[in-house]
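Participant:
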Amino acid sequence: MPGDNNSRVLLSVTGIDRQRWRDLLSARRDVVLEPDGETDPSIRYAVVWKQRPNVLSKLPNLKAIFSTGAGVDHLLNDPGLPDVPIVRVVADNLTRHMTEYVAWRVLDHHRHGMLYRSQQARRIWQEPPQQQASETKVGIMGLGNLGRAAASALLSLGFTVNGWGRTERPMEGVVTFYGEAGLTPFLNATDILVVLLPLTAATAGIVDYELLRQLRRDNGLGGAVLINAGRGKLQRDADILRALDDGTLKEASLDVFETEPLPEASPLWTHPRVFVTPHAAATSYPEHLVGPMLDQMDAFDRGEPLRDLVDRKAGY
Ligand code: NDP
Ligand code: OXD
């Protein structure tokens with residue numbers, strides 16, 4: 013509670029609206045932006061996004077860390093990360109936004125949106141053949157919280173959906189593939205690849221030319237499509253450009269990039285068959301997230317277990 017200096021919350025965030033997070037957290041806890049002195053025993057919880065390196069290492073009474081986002085790659089790379097539980101965001105409104113983004117981009121590629129926009133610019137009245145949703149095979153890499161929600165929306169639109177994960181977690185209506193052995197058959201059965209993986213040691217750079225080459229190109233869409241809303245460092249931007257230019261890929265929708273913001277000089281900005289959004293597929297809004305975060309802190313203080321914990325060994 014505000015005023016109780018023994019349960020302060022450290023807020024260490026960059027690139028998001030720190031003031032909004034601070035105002036909302038302050039309603040129920042004392043919030044500090046910097047630890048006091050060399051070691052600060054008053055801080056019990058930390059709320060972080062791309063935190064200052066080592067800021068978490070000198071908090072002897074820290075009980076848990078809360079990421080303001082679903083992905084925790086920004087956190088796990090911190091050399092001074094203490095050995096306390098890490099909670100990530102699993103929230104309905106964020107999941108719904110991601111589902112909207114995936115459904116929007118899949119439908120746009122399936123319904124030839126890029127072609128129609130370029131035809132409109134040239135006043136061309138021409139209709140390409142349109143296949144049924146069931147004939148378009150969407151493959152979701154990362155069948156976790158976000159991947160599963162996107163899969164069920166796509167199933168309800170009639171698409172054929174494949175999923176790829178690390179461990180066996182079947183889903184009704186989805187053809188599932190797992191691990192290294194399942195990757196090639198998954199890609200070979202996929203027209204539109206949707207990447208919703210976390211960035212870990214095992215997934216960094218996974219979306220390279222070799223992977224894109226394995227997608228189904230000989231299909232009713234006129235080629236393979238990539239949609240990445242996971243993390244930019246999962247992909248090789250240069251390999252995507254090469255694949256687009258030699259016909260390995262027909263089109264791409266990219267929300268994330270190797271370097272963010274996407275550098276002005278990147279050819280991805282102006283490529284006629286690339287749709288760019290600025291890491292905006294599913295933004296974390298503090299108005300939706302702070303209440304449940306504070307409730308979890310209160311519950312943990314009462315001895316109840318934390319939810320949505322990160323598995324540090326797996327890296328997500
Ligand atoms: P989850 O942890 O719920 O799901 C991750 C999925 O990836 C799981 O299916 C997991 O497999 C799978 N996976 C992890 N490592 C591997 C691997 N080595 N090989 C195969 N599959 C693997 O995460 P969320 O669905 O909540 O979020 C996914 C990612 O989306 C986040 O980590 C974040 O990077 C990104 N994101 C992007 C946003 C944006 O605005 N662009 C917004 C929010 C999130 P298994 O099922 O076996 O565990
Ligand atoms: C997230 C993000 O991980 O916004 O939540 O990318």
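Our numbering numbers the first residue of the sequence shown as 13 and each following residue consecutively.
Just so it is clear, CB atoms sit at the ideal spot from N, CA and C, and this is done for glycine as well.
Rounded to the nearest angstrom, what separates Gly15 and Arg40 at their Cα positions?
Facilitator: Confidence in Gly15 is poor, its pLDDT being 49 and thus under 50, which makes the residue's placement too unreliable to answer from.
Participant: Look at the Cβ atom of Ile204, then the Cβ atom of Val150, and state whether they are nearer than 8 Å.
Facilitator: For Ile204 and Val150, yes; Cβs fall inside 8 Å.
Participant: Taking Leu106 as the reference, which of Ser146, Ser296, Asp251 has the closest Cα?
Facilitator: Ranking the options by Cα distance to Leu106, first place goes to Ser296.
Participant: Does the stretch 37-55 come into contact with the stretch 67-81, if we say contact requires no fewer than three beta-carbon pairs (one atom in each stretch) closer than 8 Å?
Facilitator: Yes, the stretch 37-55 touches the stretch 67-81.
Participant: Kindly list the residues whose CB is nearer than 6 Å to the CB of Asn157, restricted to its own chain and excluding five residues on each side of it in sequence; keep chain order.
Facilitator: Same-chain partners within the cutoff: Val102.
Participant: Buried or exposed: Thr271, going by 16 or more other Cβ atoms within 10 Å of its Cβ?
Facilitator: Counting Cβ neighbours within 10 Å, Thr271 comes out exposed, since fewer than 16 surround it.
Participant: Quick one: what does DSSP say Lys149 is sitting in, helix, strand or coil?
Facilitator: It is a strand residue.
Participant: Find out if the Cβ-Cβ distance for the pair Leu169, Ala145 is shorter than 8 Å.
Facilitator: Against a cut-off of 8 Å, the Cβ pair of Ala145 and Leu169 comes out as a contact.
Participant: Please state whether the Cβ-Cβ distance between Asn174 and Val187 is less than 8 Å.
Facilitator: Contact flag set, yes.
Participant: Whose C-alpha, out of Asn89, Val96, Arg64, is nearest the C-alpha of Phe341?
Facilitator: No information on residue 341 is available, as it lies outside the stretch 13 to 328 that the chain covers here.
Participant: Should Thr215 be listed as close to the ligand OXD, given that the test is whether its C-beta is under 7 Å from any heavy atom?
Facilitator: For the ligand OXD, not one heavy atom lies less than 7 Å from the Cβ of Thr215.
Participant: Span of the beta strand (DSSP E) holding Phe78?
Facilitator: Per DSSP, Phe78 belongs to the beta strand (DSSP E) from 76-79.
Participant: Taking the C-alpha atoms as reference points, what is the distance between Gly49 and Thr260?
Facilitator: Taking the straight line from one Cα to the other gives about 56 Å.
Participant: Within 10 angstroms of the Cβ of Asn240, are there 16 or more other Cβ atoms? Answer buried if so, exposed if not.
Facilitator: Buried, because 16 or more other Cβ atoms sit within 10 Å of the Cβ of Asn240.
Participant: Which class does Arg181 belong to by DSSP, given the choice of helix, strand or coil?
Facilitator: Coil, per DSSP.
Participant: First and last residue of the alpha helix (DSSP H) that includes Leu256?
Facilitator: 249-257 is the extent of the alpha helix (DSSP H) around Leu256.
Participant: Using only the alpha-carbon positions, how far apart do Pro182 and Leu166 sit?
Facilitator: Each residue's alpha carbon lies about 16 Å from the other.
Participant: Taking only three categories from DSSP, how would you classify Gly15?
Facilitator: Low confidence applies here, because Gly15 scores a pLDDT of 49, under 50, leaving its location unreliable and the question unanswered by this model.
Participant: Tell me the rounded alpha-carbon separation between Leu238 and Leu253.
Facilitator: Computed Cα separation, rounded: 11 Å.
Participant: What are the start and end residues of the beta strand (DSSP E) that includes Phe287?
Facilitator: Element bounds for Phe287: 286-288.
Participant: On the three-state DSSP scale, how would you describe Gly327?
Facilitator: DSSP places Gly327 in coil when its eight states are reduced to three.
Participant: Under DSSP, the beta strand (DSSP E) around Ala115 begins and ends at which residues?
Facilitator: From DSSP, Ala115 is part of no beta strand (DSSP E) but of the alpha helix (DSSP H) over 104-122.
Participant: Going by DSSP in three states, Asn240 sits in which element: helix, strand or coil?
Facilitator: Here Asn240 sits in strand by DSSP.
Participant: Can we count Thr107 as close to the ligand OXD, meaning its CB is less than 7 Å from some heavy atom?
Facilitator: Flag unset: Cβ of Thr107 not near the ligand OXD.
Participant: Any idea which residues DSSP pairs Tyr190 with across the strands?
Facilitator: DSSP, once it has assigned bridges, lists Gly177 as partnering Tyr190.
Participant: Who are the Cβ neighbours of Arg160 in its own chain at under 7 Å, not counting the five residues just before and after it?
Facilitator: Here the set comprises Met183.
Participant: If you follow the beta strand (DSSP E) that Trp61 is part of, which residue opens it and which one closes it?
Facilitator: Its beta strand (DSSP E) spans residues 55-61.
Participant: Please state whether the Cβ-Cβ distance between Gly244 and Leu209 is less than 8 Å.
Facilitator: Contact: no.
Participant: Using a Cβ-Cβ cutoff of less than 7 Å, which residues in the same chain neighbour Gly234 once the five nearest sequence positions on both sides are dropped?
Facilitator: Once the five neighbours on either side are set aside, the close Cβ partners of Gly234 are Lys262.
Participant: Give the DSSP-derived three-state secondary structure of Arg20 in the structure shown.
Facilitator: It is a strand residue.
Participant: Which term fits Thr196, buried or exposed, when burial requires 16 or more other beta carbons within 10 angstroms of its beta carbon?
Facilitator: By the 10 Å Cβ count, Thr196 comes out exposed.
Participant: Assuming Leu227 and Ala236 form a contact by the criterion Cβ under 8 Å, report the distance between their Cβ atoms to the nearest whole angstrom.
Facilitator: Rounded, the Cβ-Cβ distance is 4 Å, consistent with contact.
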